[in-house]
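My numbering puts the sequence shown at residues 59 to 225.
Even for Gly, the Cβ is constructed at its ideal location relative to N, Cα and C.
Read the structure below first, then the notes.
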Amino acid sequence: MSDCRTGCGDEARHVTGAPGLAAWLAPHLHFEQLLEKHRIALMQLDLPVAQRALEEFAFALREHIALEEQWILPRYAALEAPPGGALALFTGEHQKLLEFVRRFERALRTLAAEGPAHRKVLPLLDQQATFKNLLEHHDARERNLLYPTLEKQLSAAEQRTLCDALR
59 MSDCRTGCGD EARHVTGAPG LAAWLAPHLH FEQLLEKHRI ALMQLDLPVA QRALEEFAFA
119 LREHIALEEQ WILPRYAALE APPGGALALF TGEHQKLLEF VRRFERALRT LAAEGPAHRK
179 VLPLLDQQAT FKNLLEHHDA RERNLLYPTL EKQLSAAEQR TLCDALR
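Pasting the structure below:
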């Protein structure tokens, strides 16, 4: 069920061929694929594959967040935010996502040092389920509040400038 006040719900989550700033959400699908690859490797106790997928995921997520915080969020901060779309929610979610990733990296190093075992992997997979929920919630908030607000309140020229910066 959708909650229009927070932009979180069962809305379609993936932009296909969307023009303008909304196209910047396309990497979110890639994040999900990398995280899934990592989690499947964990379930199979294939730590080298799990490690590589987590490294790729972490790099892509950090780069995406850094670009949003450098280009998108400062511009958004100058606009009238919709209900449920306060700037602090986006930056707070970014920080939570990054903290989870740091925990996962530490946990994976520990697993590698101690040797993998299903009973040791389960707590990490449980934490990742919480993380996945936060990532989906954040994606919905950006998809339904952040980017539509930018597209609605910025001029076409300002949007082009942001799109060019994000390329």
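**OP:** Give the C-beta separation of L183 and L112 to the nearest angstrom, bearing in mind that I take them to be a contact with Cβ-Cβ under 8 angstroms.
**Re:** Taking the sequence shown and counting its residues from 1, one reaches residue 183 at position 125. Taking the sequence shown and counting its residues from 1, one reaches residue 112 at position 54. So it is not a contact: roughly 13 angstroms between Cβ atoms.
### Message
For the pair the segment 194 to 209 and the segment 136 to 149, tell me if three or more CB-CB distances fall below 8 angstroms.
### Response
yes
task: Output the distance between the C-alpha atoms of Q109 and L131, rounded to the nearest integer angstrom.
output: Working through the sequence shown from its first residue, we reach residue 109 at position 51. Working through the sequence shown from its first residue, we reach residue 131 at position 73. Roughly 31 angstroms between the two C-alpha positions.
| request: Starting from the N-terminal side, write out each stretch of the beta strand (DSSP E) that is 3 residues or longer and does not extend beyond the segment 91 to 173. | output: none
Same chain, Cβ closer than 8 angstroms to L208, five either side skipped, listed in chain order: Translated into the one-based positions of the sequence shown, residue 208 becomes position 150. If we look at L208 and ignore the five residues flanking it on each side, its Cβ neighbours are L79, I130, R133, Y134, L137, Q217 and L220.
Exercise. Closer than 6 angstroms by C-beta to V159: which residues in its own chain qualify, once you throw out the five before and the five after it? Chain order, please.
Key: Along the sequence shown, read from residue 1 onward, the residue named residue 159 stands at position 101. Excluding positions up to five away in sequence, the list reads A116.
**OP:** Grab me the residues of R63's own chain with a C-beta within less than 6 angstroms of its C-beta, minus the 5 sequence neighbours each way, in chain order.
**Re:** Residue mapping note: residue 63 aligns to position 5 of the sequence shown, counting from 1. A caution first: R63 carries a pLDDT of 33, below 50, which makes its placement in the model unreliable, though a value can still be read off. Around R63: P141 and G142.
Legend entry - Same chain only: Cβ atoms within 7 angstroms of L224, ignoring 5 sequence neighbours per side: Walking along the sequence shown from the start, residue 224 turns up at place 166. The residues are W82, L125 and W129.
For my contact list, L192 and L155 are in at a C-beta cut-off of 8 angstroms; report their separation, rounded to the angstrom.
-> Position 134 of the sequence shown holds residue 192. Position 97 of the sequence shown holds residue 155. Yes, they are in contact, since the Cβ atoms of L192 and L155 sit about 6 angstroms apart, within 8 angstroms.
Practice prompt. Would you mind sorting R97 into buried or exposed? The rule is 16 or more other CB atoms within 10 Å of its CB.
Written response: Numbered from its first residue, the sequence shown carries residue 97 at position 39. Buried, since its Cβ has 16 or more Cβ neighbours within 10 Å.
*Once you ignore the five residues that flank T168 on each side, which residues in its own chain have a CB closer than 7 angstroms to its CB?*
Here residue 168 refers to the residue found at position 110 when the sequence shown is read from its first residue. Nothing meets the Cβ criterion.
For H176, count neighbouring C-beta atoms within 10 Å of its own C-beta (all shown protein chains included) and say buried if the count is 16 or more, exposed if not. Translated into the one-based positions of the sequence shown, residue 176 becomes position 118. Answer is exposed; the Cβ neighbour count stays below 16.
C-alpha distance - H86 paired with I123, whole-angstrom precision:
Counting from one through the sequence shown, the residue named residue 86 turns up at place 28. Counting from one through the sequence shown, the residue named residue 123 turns up at place 65. Straight-line Cα distance between these residues: approximately 11 angstroms.
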